[in-house]
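Quick notes on the structure that follows.
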Amino acid sequence: MRFIIAVVVVVLAALMVALGFAQRTVFAPPSSVSSSVSTSSSEATVTVVPASALHGHDGRQTVSIDGADSVFAATGRTSDVMGWVGDADYNLVEWDADSGELTTRTVAGDETTVPDPADSDLWYDQYSGSPLTFSLDAPDDVSLVVVSDGTEPAPADVAVTWPLSTATPTAGPLIVGGLVTLLIGVLLYIWAIVHHRRTRGPRRTSSDGSRPKLSRPSRRRALKAGTPESIDASASPGARRGRARRSVAVVPLLLVGSLALAGCSADYWPAPAEGAGASSAATATPTAAPTDGADAEDDAPSVQPPVVTVAQAERIVERIAAVAAQADGALDAALAETRFTGPALQQRQADYVIRAKDAAAAGPLAIPAGDVTLTLPQQSDTWPRTLFTVVQDADATKAPVALTLLQETARDPYKVEYAQSLEAQATLPTVAPATIGAARLAPDVKLLTLRPDQLAEAYGDILRNGDESQWAAQFQGEGDTLRDKIGKAYKDAKRTALPTTASIEFSSTPVEDDAVAFATNDAGALVSVALNEVETVKPTAEGASVEPQGVVKSLLGLDTSKKGIEATYGVQLLFQVPPVGSDDKIVLLGFSQALIQAKELP
250 MRFIIAVVVV
260 VLAALMVALG
270 FAQRTVFAPP
280 SSVSSSVSTS
290 SSEATVTVVP
300 ASALHGHDGR
310 QTVSIDGADS
320 VFAATGRTSD
330 VMGWVGDADY
340 NLVEWDADSG
350 ELTTRTVAGD
360 ETTVPDPADS
370 DLWYDQYSGS
380 PLTFSLDAPD
390 DVSLVVVSDG
400 TEPAPADVAV
410 TWPLSTATPT
420 AGPLIVGGLV
430 TLLIGVLLYI
440 WAIVHHRRTR
450 GPRRTSSDGS
460 RPKLSRPSRR
470 RALKAGTPES
480 IDASASPGAR
490 RGRARRSVAV
500 VPLLLVGSLA
510 LAGCSADYWP
520 APAEGAGASS
530 AATATPTAAP
540 TDGADAEDDA
550 PSVQPPVVTV
560 AQAERIVERI
570 AAVAAQADGA
580 LDAALAETRF
590 TGPALQQRQA
600 DYVIRAKDAA
610 AAGPLAIPAG
620 DVTLTLPQQS
630 DTWPRTLFTV
640 VQDADATKAP
650 VALTLLQETA
660 RDPYKVEYAQ
670 SLEAQATLPT
680 VAPATIGAAR
690 LAPDVKLLTL
700 RPDQLAEAYG
710 DILRNGDESQ
720 WAAQFQGEGD
730 TLRDKIGKAY
740 KDAKRTALPT
750 TASIEFSSTP
760 VEDDAVAFAT
770 NDAGALVSVA
780 LNEVETVKPT
790 AEGASVEPQG
800 VVKSLLGLDT
810 SKKGIEATYG
820 VQLLFQVPPV
830 GSDDKIVLLG
840 FSQALIQAKE
850 LP
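Residue numbers (my numbering): 250 to 851.
Right under this line is the structure:
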C-alpha cells in the first residue's frame, strides 16, 4: 500500500510540473492583440487616429500602415493635428468598446486636398515609408495623422497592435508544488522500501519439517529509542548503504528543480495584493480623469497649453538656422521668406540687394545653429502663435541671439519676426518653464510701467534727444550700446560732418501692430518691438547735389542726387519692462540694426 501511495504522489507531482511548464509553452497566452481598419472606400486625403483609438488596449502601440505608394504619418497634440487638418475631409478612426475593434467613418469638409505634411513644425515625431511600421506610446492629448501626398486618398490600411500580458501566475506555484510533491513521493518510496525490508525476515524450515531453534541473541547494551545509534543498530549495514545511496540520488533531483526555478520570472507568480491594488488604481485613474477634468473646467479658468515643447523648439530653430545659412549664402530672398517675416525679413531682403552689388558689405545677423538656452512658448490653443527663444552660438565669444517666432496658421512654419543680438551685460528675467509657457500680453496692456506699443516711440525719442527726452528717466542707460551707435551723439556728429550745402534730418516711427510681449515671473514683460530710423539728406544750395555713401549707395543705385535721399534703418529691440508701480527701469536687452530702404526724394 505504501508503494502505491508513493507512486500516486510521484505521478501527481509529474502532472503538476507538466501543467506548470505547459502554461508557459503550449498553453501560453498570446503576446499581442491587433485591430485594423480599411478606408479603401473613402476618397479623403487624411486619416486621423486619436488617442482614444490608440488606447483601445493598454500598452505601447505598434502602428502598421499600408495601401498607398507613399505613406506619411506624424504625431502631434490633438488640437494641433485638427488645426492642421482644418476644413479638409478626413477619415476618423475610433475605438468601439462593444466590439473591441477599431472602426472608421469619414468626416466631410470643404477641402479635398491638404499640403505636404512633411517637416511641419507641429509634429512631435514623423515617419515615412511604404509600407510603414513604427511604435509609440501616445499620451492622452496626442493624435496620429496619416497622409499619402496630400492629393491622393489616404493610405487605406491601418492596423494597431498592443502587447498583452503573458503572465501565468499559477505556473510557478504548480512547478514548485510539483517539485515539493515529487520530493515527498520519493521520501514515501524510500520509507516503503525500508519498511518492507524490516518486515521481510528469513522463513526457513529444517529437514524434518520443524522450525530450527534459534540461538539466544547475545545481550547488547540498551539503546535509547530515537537516537542515531539506535537507528544504526536496528538496520543492517546493507540497508544503511542503500539509504545513503537513495539520499544521494535525491540531490540531482533538487538540483534540477532549482535550475528550473532559476529561469522563472515574475510572470510565473501571482502579483502581490498591494501591487495589484496599485495597478488597478493606476488603470482606473486615466478613465476617470477626463470626466473629473471636464467638470473642473466648468468651475475654474482653463489654462492654455504651451504651443511647443522644448524638443520642438530646438528642431524649429535648427531648421531656421539651416534655411538662413542657405539663403544668406545664395542671397535668395524667396528662400528667406519661408522662414522670416516682418522686420527680420525686411533686413535680409535689403541686405541681399546690397551684397549683390557690394560683396564686401556685411551680412545680416546670423542665426546660430547652437544650443537653445531658453524656450518660452506662448500659452495658446489657437493661431497665430508666438515663441521666444535664445540661441547660443557654438562660438562662445559671440553674443547669444534672441528670436521671436511667429506661426500665422497651423499649416505655416514658424518664422522669425525679430532677431536681436543680446547685449554683453544683459541678464534675462526669470520666466516660466517651457512646460508651462507664458501668456502673450496685449500691445496696449496697462500692467507695465510703459505699454508695449509705446516702447518704440519712446526709445526713438531717446535716440534723437538723449537725456533731454521726456522718456529718458524711465530707461536704463548703463549697458545700452545702441545709444553709442545711433544715439544723439552719433546724430550730432553726422550733422556736423555735412557740408554747408546739405542738411540732414532724423526721425523715427514705430512699426505698428508688431509689439510682442511675454509675461515674466515678476509680473513684468519681455517685449520685442521694431523702430524705423529715417535719415533725410537734402541739398540746400542751388545746383548742389547729395552723394550717397556705402550701403546707402549700393541699395539706392545712384551716385548723386539733386533732390535728396531718404535712408531708412530697421531697428529691432528687445526690452525688459517692469510691472506698473515698480521703481525699476526699462532695460534694453538686445537689438539688431540694418538699412532696409533707400530712395531719392520726389
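Built from N, CA and C at the ideal position, the CB exists for glycine as well.
* Nearest neighbour of E672, chosen from M331, L822, L268 [CA to CA] -> Closest in C-alpha terms to E672, from the list M331, L822, L268, comes L822.
* Determine the burial state of R588: buried for a count of at least 16 other Cβ atoms within 10 Å of its Cβ, exposed for fewer. => Buried.
* **Neighbour-count burial assignment, G378, 16 or more Cβ in a 10 Å radius** => By the neighbour-count criterion, in which 16 or more other beta carbons inside 10 Å mark a residue as buried, G378 falls on the exposed side.
* To do: Compute the distance between the beta-carbons of F824 and Q669, then report whether it is under 7 angstroms.
  => Between F824 and Q669, the C-beta gap is not smaller than 7 angstroms, which leaves the two residues out of contact.
* To do: Return yes when the Cβ of G325 is within less than 7 angstroms of the Cβ of V363, no when it is not.
  => No, these two residues do not count as a Cβ contact at 7 angstroms.
* With DSSP collapsed to three states, give me the class of V332. => Looking at the sequence itself, residue 332 is Gly, so the reference to Val does not match. G332 falls in the helix class under three-state DSSP.
* DSSP three-state call for N714: helix, strand or coil? -> Secondary structure at N714: helix, using DSSP grouped into helix, strand and coil.
* Asked: DSSP state of Q595, grouped into three classes?
  -> Three-state DSSP puts Q595 in a helix.
* Cα-Cα separation between T410 and A317, rounded to whole angstroms -> As the crow flies, the alpha-carbon of T410 is around 20 angstroms from that of A317.
* What residues match up with R354 in a beta bridge as DSSP calls it? -> In DSSP, R354 forms a bridge with L341.
* For Q310 and P633, the rounded distance between their alpha carbons -> One C-alpha to the other measures close to 33 angstroms.
* Return helix, strand or coil for V760, following the three-state DSSP convention. => DSSP, reduced to helix, strand and coil, places V760 outside both helices and strands of the structure shown, so it counts as coil.
* Asked: Just the Cα atoms here: how many angstroms apart are A322 and V356?
  -> Near 19 angstroms, if we compare the C-alpha coordinates of V356 and A322.
* Asked: Given a threshold of 16 other Cβ atoms within 10 Å of its Cβ, counted over all protein chains shown, does P649 qualify as buried or as exposed?
  -> By the neighbour-count definition (other C-beta atoms within 10 Å, threshold 16), P649 is a buried residue.
* Leaving out five residues on either side along the sequence, give the residues of the same chain with a beta carbon under 8 angstroms from the beta carbon of S290. => Same-chain partners within the cutoff: there are none.
* Asked: Which residues share a DSSP beta bridge with P380?
  -> In DSSP, P380 forms no bridge with anything.
* Any 3 or more C-beta pairs closer than 8 angstroms across the region 603-623 and the region 571-591 -> Contact holds: three or more Cβ-Cβ distances are below 8 angstroms.
* Inter-stretch contact at 8 angstroms, needing at least 3 Cβ pairs: the region 806-816 / the region 762-779 -> No contact exists between the region 806-816 and the region 762-779.
* Range covered by the alpha helix (DSSP H) that runs through I314 -> Counted as a single uninterrupted DSSP element, the stretch harbouring I314 is not any alpha helix (DSSP H) but the beta strand (DSSP E) occupying residues 310-315.
* Give the range of the alpha helix (DSSP H) segment to which G830 is assigned. => Neither: G830 is in no alpha helix (DSSP H) and is coded neither H nor E.
* Inspect the beta-carbon positions of Q725 and K834 and report whether they are closer than 7 angstroms. => Cβ distance < 7 angstroms, so Q725 and K834 count as in contact.
* Asked: Three or more C-beta pairs closer than 8 angstroms, one from the region 426-434 and one from the region 252-263: is that the case here?
  -> With the cut-off at 8 angstroms, the region 426-434 and the region 252-263 touch.
* Quick one: using the 10 Å Cβ neighbour count with 16 as the cut-off for buried, is G524 buried or exposed? => Residue placement at G524 is poorly supported in this model, since its pLDDT is 45, which falls under 50; the coordinates still yield a value, given next. Under a 10 Å Cβ-count criterion, G524 is classified as exposed, with fewer than 16 other Cβ atoms of the shown protein chains found around its own Cβ.
* Beta-carbon proximity of A843 to Q596, cut-off 7 angstroms -> Yes.
* Spatial neighbours of D642 in its chain, beta-carbon cut-off 6 angstroms, leaving aside the 5 residues before and after -> These residues qualify, in order along the chain: P617, G619.
* Asked: When we look at the beta-carbon of P788 and count the other beta-carbons within 10 Å, is it buried (16 or more) or exposed?
  -> Within 10 angstroms of the beta-carbon of P788 lie 16 or more other beta-carbons, which makes it buried.
* **Length of the line joining the Cα atoms of G728 and E717** => If you take the alpha carbons of G728 and E717, they lie about 19 angstroms apart.
* Asked: So does the region 421-429 actually touch the region 339-356, counting three or more Cβ pairs closer than 8 angstroms?
  -> By the Cβ rule, the region 421-429 does not count as touching the region 339-356, because fewer than three pairs are nearer than 8 angstroms.
* Whole-angstrom distance between E567 and G305, CA atom to CA atom -> Cα to Cα, G305 sits roughly 36 angstroms from E567.
* Asked: R447: buried (16+ other C-beta within 10 angstroms of its C-beta) or exposed?
  -> The residue is exposed, with fewer than 16 neighbouring Cβ atoms inside 10 Å.
* Buried or exposed (CB count within 10 angstroms, at least 16 for buried), A482 -> Residue placement at A482 is flagged as unreliable, the pLDDT there being 43, under the threshold of 50; a coordinate-derived value is accordingly withheld.
* Distance, D336 Cα to D544 Cα -> Any reading at D544 is ruled out, since the residue's pLDDT is 43, under 50, leaving its predicted position unreliable.
* **Beta bridge counterpart(s) of Y221 as assigned by DSSP** => Outside the displayed range of the chain (250 to 851) lies residue 221, so it cannot be described from this structure.
* Note down the Cα distance separating V396 from S287, rounded to an integer number of angstroms. => Distance between the alpha carbons of V396 and S287 is about 14 angstroms.
* Let me know the secondary structure DSSP gives P626 once reduced to three states. => In the structure shown, P626 falls within a strand segment according to DSSP collapsed to helix, strand and coil.
* Asked: Should the region 754-764 be regarded as contacting the region 678-685, the criterion being three or more beta carbon pairs within less than 8 angstroms?
  -> Contact between the region 754-764 and the region 678-685 is absent, because fewer than three Cβ pairs lie under 8 angstroms.
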